[in-house]
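Presented below is the structure to which this report refers.
There are 2 protein chains.
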Amino acid sequence: MNDAMNDLAAATRGLSAGTLALADRAVRAAVLDAIAAALDSARAEIIATTAAETALLPAELEPEFDRMTGTLRMFAAVAREGSWVRAAIDTPAPAGAKSIGPNVDMRRMLVPLGPVAVFGASNFPLAYGVCGGDTASALAAGCPVIVKEHPAHPKTGRLLWFIAHGAMARCLAASVEGFDVASHVPLRYVEDPGHDRGVGVALAEHEQVAAIGFTGSRAGGLALDRVARGRVDRGGVPIPVFAEMGSVNRVVVCRGALRTRGREIAADLARSVLARHGQQCTKPGLIALGGEADDARAFVAELSRLLDAALARRLLSERITGEYERGCARLRAVDGLSLTTSRPDALVHVGGERRAVPMLFAAMDPVRGNLDYVQMFARGAEAIGEEVFGPAAVVLCADGWENLLYADASLVTSVYADEDDLLHVADDGGILHGQTELALGLSAAARTTGRLVFNGVPTGVRVCESMVHGGPYPATNRPDTTAVGPLAIERWCRLVCFQNCPDALLPEELRDDNPLGIWRTVNGRSTRDGIPRNA
Amino acid sequence: MNDAMNDLAAATRGLSAGTLALADRAVRAAVLDAIAAALDSARAEIIATTAAETALLPAELEPEFDRMTGTLRMFAAVAREGSWVRAAIDTPAPAGAKSIGPNVDMRRMLVPLGPVAVFGASNFPLAYGVCGGDTASALAAGCPVIVKEHPAHPKTGRLLWFIAHGAMARCLAASVEGFDVASHVPLRYVEDPGHDRGVGVALAEHEQVAAIGFTGSRAGGLALDRVARGRVDRGGVPIPVFAEMGSVNRVVVCRGALRTRGREIAADLARSVLARHGQQCTKPGLIALGGEADDARAFVAELSRLLDAALARRLLSERITGEYERGCARLRAVDGLSLTTSRPDALVHVGGERRAVPMLFAAMDPVRGNLDYVQMFARGAEAIGEEVFGPAAVVLCADGWENLLYADASLVTSVYADEDDLLHVADDGGILHGQTELALGLSAAARTTGRLVFNGVPTGVRVCESMVHGGPYPATNRPDTTAVGPLAIERWCRLVCFQNCPDALLPEELRDDNPLGIWRTVNGRSTRDGIPRNA
């Protein structure tokens, strides 16, 4: 704990100067591009280091590497372009026009919150690591970053930090006058090889830390949120925590889709469950089947066969391996759920190593018939509602979309449906009578998920403006935001408004001559993100 | 407590149907306009009721009434226009173009969170009351509203609710098929005449409540936030609380401005302190003077004279009256601070009534010289850092803008400066050497405030797009948002993303033919709030 405090004191020294160094958005963009370029130069070394440390395959890490550098460059472009600040200008209303309140000149924009502490993920050592999306978005916003080491991959973390820190130092020394590479670089790294809870707590309590990005377990995210709010009890300022906390992602296969292409969907889902050996927050966890019992049985048999055909693999860490075994045991104990894959044990020992065996559990008992989510919930809610991290999934019957609402909210919900399924009209007699079952189901599902996928697997994240990697609790604690895509930058910002401020003293984003071209005024009317209101 | 629970059960019955009734944005707009029209028809009765109950003057309530109805109509326009949902469309990248991750069609927008509980303010019974900004923005977002009665003005609250509820019921019955006026109206009112803590807690803990808007004390806001997060300990879902918690607003008068127009500024600030008898969250609380001691003394004498010339007035409630007396006593006890107004007591008794006397305290001791904020803070931090609600203010010397940073963050900071003040160049020798003192000061002030006013009083809120009524803790608990202006609607929303969704199943905001005209795609590139990125 004392060591942690010492490290932390070093990690936060000179951060104010680091903030100033990031004040210029062109500099921020240059820094992000420089980090991406430096990582590219060390691509082979990084991937080899990470593969050795995490047991993830180079073939899995290659696209993740591209996502990491692609995200850094995307945020460089976002910072350079400038419209992310949500600039708005309200000039005084012209004579005769109405203004509510005093008719003053008002201009607002987003400004950075201050240093951001990043607690990266175990499962994406690159895309959610030292140079991952939280770091990239925070730097793009103008916030220094302090990364806490992830004990599952310290070698990867230190290598990434070394490369990124060096690239950043060179870039800032070249572009910021008076910049001191010894103490001003706004990217810090706090070691935590022993997974010492004190390190994370000290970081979350640190006076200079203004926000936290976390990717990990629900318990971890909630604990960090408590620490961050508890700062107020010690006379401090509470800070926001953006926690992505895992998810039991639902997949619904509608009657028609199950009948016409059940095998193909089973193959899709097998690939999705097996990718990175199930260690993805977007892994399909709960697969609900509509339609006939025969179709459902064929689907379960095919999915089981495909999972049985996959090799057992080492998971990311011993801790995660132990949790996988316990998770599978919990599912096995649920009344009404049977193991439909053929290997009996969740772990096998190969050499000195424990490897995880893919497993499928299904409520497909031929005697008792299928059980839907509500029935299953009554029999073992805790187990089927909890994420099992690793290559395991559960299949249920899905008679009635509304049952989905009884499951915890998720990051992603996938729906497989055919043209025929689109025509199934609801006969509930209620206010929605006459809508199609699918439309009803989609609107119900959208209420409890961050991303709704149509005819596709939940895994696989496109990094683009519209991406929402988030969702209602317990998937995250902040459903108003996303951890992926340009919008993620707003997590590290707050709003500020300038009233009657002389043009020369305004930030350039808000000046009359609109040097960034990021807003429009039409006939003196209010603007909002470039679009005039009340038009 | 049992009564409270019964009331609450009644208040939340049928709310799901209420949510559905608000699903159509045109209906939401019609409802908001109908409420505004109904309030207009009862204007005289409302203002008379409120004036009698709160001791606010009709002349003070008239503009507040206009702000209430203006805000309702503004949010009607926001809902009708539709671009507030932040729609974004990413069509698949064309062949040859790069996509990070799977090249799928992605579309995102904001969707309503669900029922919002509104805890209104004591001091703005109309603009922050039953039909105030929180209610208007939540209804515009599509969220039903449950208002907790404010014990300081139950008659006003019940009257507003009666009028708004009736208007809403009539409007929805006319436009929504199957709407039941007896149980579906999505505006509820929970009585709390005795200020029973249990009522608020039960509401914040209620399963159906999805978010909370609060305007009031810091203790109240923090307590509510604790309850809302504590839901998770009882197996529930934590919900966001948007708390605006009062503020000691800073005013800085620069050397040149003090010299050339000190009297005029003193008159401005006297009016600002005295408006609504100091019962405004934007009241100037801490006035810092730059420049010469003689100018400062003249300013304090003039401001004291103007406050002395004002009549004592009744405050909003007995509770607030007692707190005003205690707050003034705390300031009086601060070493180095003297009372510069002539009336010795904070309260006077007139008839059976206790009335508040305007008071000014200043660190202008002719023997010891002026003291700046840091020096004063060392002598009585708790007192000068705490809001005194009512017609009292403190004057300090402001040598060095950076001292402002030692004060708690505020909703508003005002700066009075002349042309001459713009030229004062910093000679700190540091990284910012050579910038003007004023630019430095503004950037420092912006770091600790939500709205920065130039040459104007902090009171007076223009309701427009750029408005930020918010700020860092302790002014609010959510500096990323604003309680006033169109952006306030986003507090009641979360993000959802549709991936590869058939056009017919998409919300109309996201359909290919862009029926609302709220987004643009340029050459298939990502859009963001209508502006293509990476352009």
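Taken in order, these protein sequences are the chains called A and B. To convert, note that position 365 of the first sequence is 365 in the numbering used here; the numbers rise steadily by one, no gaps. So the mapping is simple: the numbering used here equals the position in the second sequence, first residue as 1, plus 535. Ideal Cβ placement from N, Cα and C applies to all residues, glycine included.
For residue i, three-class secondary structure by DSSP
i, result
"residue 168 of chain A", "helix"
"residue 1011 of chain B", "strand"
"residue 614 of chain B", "helix"
"residue 349 of chain A", "strand"
"residue 90 of chain A", "strand"
"residue 678 of chain B", "coil"
"residue 26 of chain A", "helix"
"residue 494 of chain A", "strand"
"residue 20 of chain A", "helix"
"residue 816 of chain B", "coil"
"residue 328 of chain A", "helix"
"residue 822 of chain B", "strand"
"residue 1049 of chain B", "coil"
"residue 433 of chain A", "Because the pLDDT of residue 433 of chain A is 47, which lies under 50, any placement of that residue in the model is unreliable, and the question is left without a value."
"residue 923 of chain B", "coil"
"residue 250 of chain A", "strand"
"residue 313 of chain A", "strand"
"residue 1003 of chain B", "coil"
"residue 583 of chain B", "helix"
"residue 39 of chain A", "helix"
Counterpart residues of residue i in DSSP-defined beta bridges
i, result
"residue 984 of chain B", "B:945"
"residue 566 of chain B", "Paired residue(s): none; residue 566 of chain B is not in a bridge."
"residue 355 of chain A", "A:348"
"residue 213 of chain A", "A:118 and A:242"
"residue 189 of chain A", "A:147"
"residue 107 of chain A", "A:89 and A:498"
"residue 1019 of chain B", "Its beta-bridge partners do not exist; DSSP assigns none."
"residue 647 of chain B", "B:1028"
"residue 928 of chain B", "B:895"
Residue i burial status per 10 Å Cβ neighbour count (16 or more: buried)
i, result
"residue 1043 of chain B", "exposed"
"residue 195 of chain A", "exposed"
"residue 846 of chain B", "exposed"
"residue 178 of chain A", "exposed"
"residue 818 of chain B", "buried"
"residue 150 of chain A", "buried"
"residue 605 of chain B", "buried"
"residue 883 of chain B", "exposed"
"residue 597 of chain B", "exposed"
Straight-line gap, residue i to residue j (C-alpha atoms, nearest Å)
i, j, result
"residue 431 of chain A", "residue 146 of chain A", "Its pLDDT being 41, under 50, residue 431 of chain A is placed unreliably by the model, and nothing is read from it."
"residue 502 of chain A", "residue 13 of chain A", "35 Å"
"residue 57 of chain A", "residue 271 of chain A", "15 Å"
"residue 878 of chain B", "residue 659 of chain B", "28 Å"
"residue 368 of chain A", "residue 336 of chain A", "Any answer about residue 368 of chain A is weak, because its pLDDT of 48 lies below 50 and its placement is not dependable; what the coordinates show is given next. Each residue's Cα considered, the two are about 8 Å apart."
"residue 7 of chain A", "residue 189 of chain A", "9 Å"
"residue 601 of chain B", "residue 446 of chain A", "38 Å"
"residue 75 of chain A", "residue 82 of chain A", "10 Å"
"residue 43 of chain A", "residue 467 of chain A", "26 Å"
"residue 636 of chain B", "residue 706 of chain B", "47 Å"
"residue 492 of chain A", "residue 645 of chain B", "19 Å"
CB contact below 8 Å: residue i versus chain D
i, result
"residue 636 of chain B", "Among the chains of the structure shown, chain D does not appear; the protein chains present are A and B."
**Study point:** Interface residues of the region 991-1002 of chain B facing chain A [CB-CB below 7 Å]
**Key:** Legend: CB atoms of the region 991-1002 of chain B lying less than 7 Å from CB atoms of chain A belong to residues 991, 995, 996, 997, 998, 999, 1000, 1001 and 1002.
Practice item. Compile a chain-ordered list of the residues in the region 192-216 of chain A whose CB is closer than 7 Å to at least one CB of chain B. Key: Per Cβ criterion, the list is empty.
Exercise for review: Report the residues of the region 468-480 of chain A with a CB closer than 7 Å to any CB of chain B, ordered along the chain.
Suggested key: Along the region 468-480 of chain A, going in chain order, the ones with a CB nearer than 7 Å to a CB of chain B are 468, 470, 472, 473, 477, 479 and 480.
Point to revise | Where the region 693-710 of chain B meets chain A: residues whose CB sits under 7 Å from a CB there | key: Cβ contacts with chain A come from no residue of the region 693-710 of chain B.
Check your understanding: At a Cβ cut of 7 Å, what residues of the region 767-796 of chain B count as close to chain A, listed as they run along the chain?
Key -> Answer set for the region 767-796 of chain B: 767, 772 and 773.
Check your understanding: Looking at chain B, which residues of the region 492-517 of chain A have a Cβ within less than 7 Å of any of its Cβ atoms?
Key -> Per Cβ criterion, the list reads 493, 494, 495, 496, 497, 498, 499, 500, 501, 502 and 505.
Point to revise | Contact list for the region 53-67 of chain A against chain B, Cβ threshold 9 Å | key: Residues of the region 53-67 of chain A that bring their beta carbon within less than 9 Å of a beta carbon in chain B comprise 63, 66 and 67, in sequence order.
Point to revise | Positions along the region 4-18 of chain A whose CB lies within less than 7 Å of some CB in chain B | key: The residues in question are 17.
Check your understanding: Going along the chain, which residues of the region 849-866 of chain B sit with their C-beta nearer than 8 Å to a C-beta in chain A?
Key -> Along the region 849-866 of chain B, none of the residues has a CB nearer than 8 Å to a CB of chain A.
Practice item. Scan the region 664-693 of chain B for residues whose Cβ lies nearer than 9 Å to a Cβ of chain A and list them as they occur along the chain. Key: Result list empty, no residue passes.
Point to revise | Interface residues of the region 439-454 of chain A facing chain B [CB-CB below 7 Å] | key: Listed by position, the residues of the region 439-454 of chain A near chain B (Cβ gap below 7 Å) are 439, 442, 446, 450, 451, 452, 453 and 454.
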